[in-house]
Every structure is written in C-alpha cells, then in structure tokens.
Amino acid sequence: MGIGLSLLLSGHAFAAPVDTGRGLAIEQGQLVLNGKPFRIIAGDMHYTRVPREYWRARLKMAKAMGLNTITTYVFWNAHETVPGHYDFSGQNDIAEFIREAQQEGLYVILRPGPYVCSEWDLGGLPAWLLKDRNAHIRSTDPTFMQPAQRWLHRLGQELAPLQYNRGGNIIAVQVENEYGSFGKDNDPYLQQIRKDIVDSGFDASLLYTSDSAPQPGSMPDLFKVINFGVGHAPERLPRLHQWQPGGPYMVGEYWVGWFDHWGGPHYVIGTEKVANELAGMLKQGYSVSLYMFHGGTSFGWMSGANWDDNSYQPDVTSYDYDSPLDESGRPTPKYNALREVIAQATGVTPPPVPATPSTQAIANIKLDESASLWDALPAPVASHDLKTMEELDESYGDILYRKRIDAAKAGTLHIDGLHDYAIVYVNGKRVGTLDRRLKQDSVAVKLAKGDTLDLLVQNDGRINFGEKMVNERKGIIGSVSMQGQPLLDWQIYALPFAINGDLKYAHAPCKHAPCIYRATFDAPASGSADADTFLDTAGLGKGVVWLNGHPLGRTWKIGPQRTLYVPGAWLKPSGNQLVVLDLLTEGQPTLRTVKQPMLGTTKEVVTP
Numbered sequence: 001m002g003i004g005l006s007l008l009l010s011g012h013a014f015a016a017p018v019d020t021g022r023g024l025a026i027e028q029g030q031l032v033l034n035g036k037p038f039r040i041i042a043g044d045m046h047y048t049r050v051p052r053e054y055w056r057a058r059l060k061m062a063k064a065m066g067l068n069t070i071t072t073y074v075f076w077n078a079h080e081t082v083p084g085h086y087d088f089s090g091q092n093d094i095a096e097f098i099r100e101a102q103q104e105g106l107y108v109i110l111r112p113g114p115y116v117c118s119e120w121d122l123g124g125l126p127a128w129l130l131k132d133r134n135a136h137i138r139s140t141d142p143t144f145m146q147p148a149q150r151w152l153h154r155l156g157q158e159l160a161p162l163q164y165n166r167g168g169n170i171i172a173v174q175v176e177n178e179y180g181s182f183g184k185d186n187d188p189y190l191q192q193i194r195k196d197i198v199d200s201g202f203d204a205s206l207l208y209t210s211d212s213a214p215q216p217g218s219m220p221d222l223f224k225v226i227n228f229g230v231g232h233a234p235e236r237l238p239r240l241h242q243w244q245p246g247g248p249y250m251v252g253e254y255w256v257g258w259f260d261h262w263g264g265p266h267y268v269i270g271t272e273k274v275a276n277e278l279a280g281m282l283k284q285g286y287s288v289s290l291y292m293f294h295g296g297t298s299f300g301w302m303s304g305a306n307w308d309d310n311s312y313q314p315d316v317t318s319y320d321y322d323s324p325l326d327e328s329g330r331p332t333p334k335y336n337a338l339r340e341v342i343a344q345a346t347g348v349t350p351p352p353v354p355a356t357p358s359t360q361a362i363a364n365i366k367l368d369e370s371a372s373l374w375d376a377l378p379a380p381v382a383s384h385d386l387k388t389m390e391e392l393d394e395s396y397g398d399i400l401y402r403k404r405i406d407a408a409k410a411g412t413l414h415i416d417g418l419h420d421y422a423i424v425y426v427n428g429k430r431v432g433t434l435d436r437r438l439k440q441d442s443v444a445v446k447l448a449k450g451d452t453l454d455l456l457v458q459n460d461g462r463i464n465f466g467e468k469m470v471n472e473r474k475g476i477i478g479s480v481s482m483q484g485q486p487l488l489d490w491q492i493y494a495l496p497f498a499i500n501g502d503l504k505y506a507h508a509p510c511k512h513a514p515c516i517y518r519a520t521f522d523a524p525a526s527g528s529a530d531a532d533t534f535l536d537t538a539g540l541g542k543g544v545v546w547l548n549g550h551p552l553g554r555t556w557k558i559g560p561q562r563t564l565y566v567p568g569a570w571l572k573p574s575g576n577q578l579v580v581l582d583l584l585t586e587g588q589p590t591l592r593t594v595k596q597p598m599l600g601t602t603k604e605v606v607t608p
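Okay, so the sequence shown: first residue is 1 according to UniProt numbering, each after it adds one.
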C-alpha cells in the first residue's frame, strides 16, 4: 500500500478541538477516547434488517469477531411512515438496540442521515416527501428541510442521552451521507444538516462525514472518513491523506461484499482478498468499519434500487452482502478469517464464538386459499390526469390505472415514465408486460369502444443513490398515449397491500391473476434461531410474501434470489399464516422451506 504507520503521526494535526471529556476526540492526528489512543474496529449492522429477537445474538457475534464498535444507519422512513407520527417501538426501538450493544461491550457509531443510501428504499427518506412534485429532497428547500429538522429533533429525544459522555456508548455521529456523490463540499444544505444534528442534542459526540467520491462532501472542520471496496486501498488511502493531512485516518465503509439486483448474479468477494487487505490496513494503524459485518434482510418493500449504466437496477430482498455473518446471522469462512486477522493486529483474544443454531425444513405448505385481486379492489380516485402513488398518499405496493375506452383504437400503447413494472390488461385479459429494467415502455394493443384498459404497476424499489433519486416517484410519472394521442380520464386504485383479515378467501385455486394466496401450516420447532428456515419461492412469479403479519419481502422468478429468510422467532408451533401476493401465478401452488438459502449463481464482483 505504501503508507506506513509513520504517516499517521506526521504532517499537520487535524484542526479539531481537543476535549477528552467529550468521549471520542482527536489529538495530534490520532483518535483518543478518555485521553488514550483508540482505534476503531467496527462493522455495520442495521437494527431494521435483523429481527429484534436476534439483536443480542448478532451483537455477541460482533464482539466474538473482535469488533469494538457497531455502526448503524437510522432509517427515517421506517420511523415516520405518516408525516408527524413517529414510531420507535418494536423493531424500530433503536435505543434498545444501542443499549444492547453497550451491554455487550460495544461502542456505537450513529449514522442518522437524514439520507443514508444503504440499498434501502429512497435511501431512507420517506416517500411522502415526494408528494409535491416541486419538492427537492436533500436540499434547503423548506418542503424537505422542515420535516428533516423535525425528524432529527425527534430522533435526538431518543438517542442523544445515549452518547458516551452521558453514560451511553455512542462515540461518533455522521453528518448526512456520501454527500460528495450528490452535492458540493461545504454546501449550505450540509451546513444546515450539521446544525440540526447538533441542535438535536448530538453535541457530545465526534461529528464526521463519509464519502467514496473523489472529493468529500464535508466541511473544513469535520473529521472525514473514506469508503471503498476490496482491492482499492492502494489508491484510495492516499486520497484520504490528501483530504485530511496529518490524520486521523479511518475507512468508514470497507465493502467486504456487495449487493444483488434482480436479474443478475449473487455477488461475492473472495475471503483471502478481504483478509489480506484488511490485515495490511490494520497493520498500518488505520481505523476500519466493515460494511457489512452482518447485512441481514431488507424486509417488506424496503429494498432500494440503483441507476447504473443508464438503467434501473432494483435490489433483491436479501442483504446477505457476502458478509462475515450471513443473512441469518451464521458465521461464514470470511467471519473466521477476519476474526483471526483482527486478533493478530490487536493482540487481543476475542470471546469464544457462540454456537451456530441449526435450521429446519418444512414441506407441503399448500396455498389452498385464494382471492383474486380483481375482487378486492378499493374505491378508486377519479382523475383527468395520471397520479403517482405518492400523490395518493401511498408509499409502497402497487397502483392500478383503469380507463373505459370511448372509441375504437389500435396500435402502440406507450407509457412515458413507467416506475417500475406494468401488466397491461384489456377486459381483464393480460395482453403484455413492461419492465423498466429492460427499458420497455410500449406494447401493441387493440381496443374496441367500451373496452376496459387496466395498467397494473408495481413499485420495485426507489433509487437510493445519486441524482436520479430526486424524481423517484412510483406508478406512472408521465403520461399514457395510444398512437401518440394521450389517454385521459382515469379511475386510479391505490393498492398498498396492508394485509389483514378483511379479505375473503375461497378454498379453491385462483383462476384470475393477480392472486392473493393464504396457507396455514405448523412449525413445531419454532420460537428461536434453531427454527430458522428459508422459504423456497420456486413456483411463484412476482410479488410479496408475509408470515404471521411480518412482511418477508419481494419475490421474482427471474432471480437470483430464490429463498426468503424466515426467522424462527416469527414462527409458531401451529397455525402459522403465509400470505402471498403474486402478479403472475394462477392455480394452487405448494411451497416448502429449506435449511439453506438459495441466493443465486455466484460471481466475483469488482467494487467501485
């Protein structure tokens, strides 16, 4: 790498106030905690991606690998699904997650955003921010900044008391996230976010910014860390030295794996590559946070999307990430190798690795109850023009656009601004599908006077990175035309799919997709990680699955992901209910669970 430990202590000392009473601080180019040199060896793990019942077990695994710190984002859209209504209960009890980390002897680096990226829908921003088409997210526009300020202040009520010098374990707080890939250094927006974080009570922790771009989105007096993937240390670490002459030096996200897109491979990075490069960085004295230590699952609708190579790339539900701990929290060969590297670098023997729970398989889960979506439509909204999901106060799910044809038409039906996957029906019969991933926007149709045209659009996840995310509304964001003539006057149905007991199921095959299926099954070995299993979605087309009210995530027959993680803690000995929404599959499918995940054909990834 060519950067020795001597460089960490040379050059100009970083210009930040020294106050060891504030916990983590900077002295003479070094991080210090309570006045003593401190090296952060951390890993990202996100409370929303791990069942609450398993938080403690995963944190024990972090400690046993030799980590001293857990890094976590805070996902605004998980806490404020409706403007002004905040939820910090159950799975959203981030304060409890942080307290449990402290009880396991781990410090916490908090990344509150408000934008976080993380392959999470809209980078963690609530979809309702996009209801106003003139709103500008991640800017000083009051339509964004005022709710962001309210959110940060509310978050401060929960977490500011958990800072280190107030008896907690939060030692550092990030200001926004990777702003260098979006805006300019020292931007007024970034300055305002920093002020809001401090005003929210996070004035007792070291503040910092984190970037992978050539130039950081930061401010002169903020601690800067750098993000990069395996194999990039030789050119990226000198860049960090340019950003911050004299230190301290930290890799804020060391990408030890990668995420997957629908229709692509399951990406992996070789264990030996990761171990060797990490060993080199630790030998030279760098602080490092592994991204991800444990990826987990983007449950429900929360997987995001990228815009790359001029194409839309939605992410799968699994956030396994080829991490040291796999999606279900079990150690991998990468875990063992990095544990050894950390022990050698620190000279500290970590606690023993907890025993790995077994898994189970369940056969013959019959989806023998069904209902057709067409028989369960809500009341529509009449509109001359098309409306997006956000304009109908809908964040996730599907949206249906229906029009009665007033004169015969034949030719090309064109959708301008399809977000993201559409099925075209004429009089209830499917006549075509359109996929934003494949840049499909047109289909040939023949319409007679009095026909009913239906466009069922599914949200496959909002873009979470880069400038494209600012207009990432869902549904049809432009217009629909036939042979160049606009089609107007629609009945629009919001379909958020809040599954409840009001749906009337029949004990019969579903004959008219989209179908909503239900199965009831037993799982005698339930209630703990020993009962974890993986739902094999072979036989399904495209949709979403719920278990006992928990949204497991999206499915799509194109892969690579074929199994959905089913936490044993969410299973009951008997009477489990599995609900499946499937846009394409008809009949009476039978599913099973298996003991090991099937995430697709692997491919070695070259990270940015």
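Here a beta-carbon is modelled for each residue, glycine too, at the ideal position from N, C-alpha and C.
Check, Outcome
"Just verifying my parser: in three-state terms, what is the DSSP assignment at residue 181?", "helix"
"If I measure Cβ to Cβ from residue 203 and keep anything under 6 Å in the same chain, skipping five residues before and after, which residues do I get?", "none"
"Applying the 10 Å Cβ sphere with the 16-neighbour rule, what's the burial state of residue 558?", "exposed"
"Determine, using beta carbons only, whether residue 79 comes closer than 7 Å to chain D.", "Protein chains in the displayed structure number just one, and chain D is not present."
"Counting C-beta neighbours from all protein chains within 10 Å, is the total for residue 324 16 or more, i.e. buried, or is it exposed?", "buried"
"Could you check whether residue 492 and residue 387 sit closer than 7 Å to each other, using their CB atoms as the reference points?", "yes"
"Rounded to a whole number of angstroms, what is the C-alpha to C-alpha distance between residue 167 and residue 392?", "45 Å"
"Residue range of the alpha helix (DSSP H) that residue 190 falls in?", "188-199"
"Can you tell me whether residue 404 is helix, strand or coil according to DSSP?", "strand"
"In chain order, what residues of the same chain have a beta carbon less than 8 Å from the beta carbon of residue 106, not counting five sequence neighbours either side?", "59, 62, 63, 67, 68, 69, 70, 169"
"With burial defined as no fewer than 16 other Cβ atoms inside 10 Å of the residue's Cβ, what is the status of residue 146: buried or exposed?", "exposed"
"Where residue 37 and residue 286 are concerned, what is the direct C-alpha to C-alpha distance, given to the nearest angstrom?", "12 Å"
"Just the C-alpha distance for residue 594 and residue 301, rounded to the nearest angstrom, thanks.", "23 Å"
"How long is the line joining the alpha carbons of residue 366 and residue 519, rounded to whole angstroms?", "6 Å"
"What first and last residue would you give for the beta strand (DSSP E) that runs through residue 43?", "41-45"
"What is the DSSP secondary structure of residue 557, reduced to helix, strand or coil?", "coil"
"Could you check the C-alpha separation between residue 588 and residue 552 for me, to the nearest Å?", "20 Å"
"Are residue 453 and residue 409 touching if we call contact CB-CB under 7 Å?", "no"
"Using CA coordinates, which residue listed in 547, 597, 590 is at the minimum distance from residue 576?", "547"
"What is the DSSP secondary structure of residue 590, reduced to helix, strand or coil?", "strand"
"Less than 7 Å separating the beta-carbons of residue 121 and residue 252?", "no"
"Quick one: is residue 348 buried, meaning 16 or more other Cβ sit within 10 Å of its Cβ, or exposed?", "exposed"
"Whole angstroms are fine: how far does the CA of residue 353 sit from the CA of residue 208?", "32 Å"
"Go ahead and pull the three-state DSSP assignment for residue 241.", "helix"
"Apart from the five residues on each side of it in sequence, which residues of its chain come closer than 7 Å, Cβ to Cβ, to residue 75?", "48, 116, 120, 124"
"Quick one: is residue 87 buried, meaning 16 or more other Cβ sit within 10 Å of its Cβ, or exposed?", "exposed"
"To the nearest whole angstrom, what separates the beta carbons of residue 273 and residue 341, a pair I think is in contact under 8 Å?", "Not really, about 12 Å apart at Cβ, beyond 8 Å."
"Would you mind giving the Cβ-Cβ distance between residue 227 and residue 210, rounded to the nearest angstrom? I have them listed as a contact below 8 Å.", "6 Å"
"Who pairs with residue 485 in a beta bridge, going by DSSP?", "482"
"With respect to the alpha helix (DSSP H) encompassing residue 275, which residues constitute its N-terminal and C-terminal limits?", "271-283"
"Give the DSSP-derived three-state secondary structure of residue 409 in the structure shown.", "strand"
"Measure the C-alpha to C-alpha separation of residue 162 and residue 109 and round it to an integer number of angstroms.", "11 Å"
"With H, G and I counted as helix, E and B as strand and the rest as coil, what does DSSP make of residue 449?", "coil"
"The alpha helix (DSSP H) spanning residue 99 covers which residue range?", "94-103"
"Quick test of the definition: if touching needs 3 or more C-beta pairs under 8 Å, does the region 597-608 touch the region 563-579?", "yes"
"Check for me: the beta strand (DSSP E) holding residue 314 runs from which residue to which?", "311-314"
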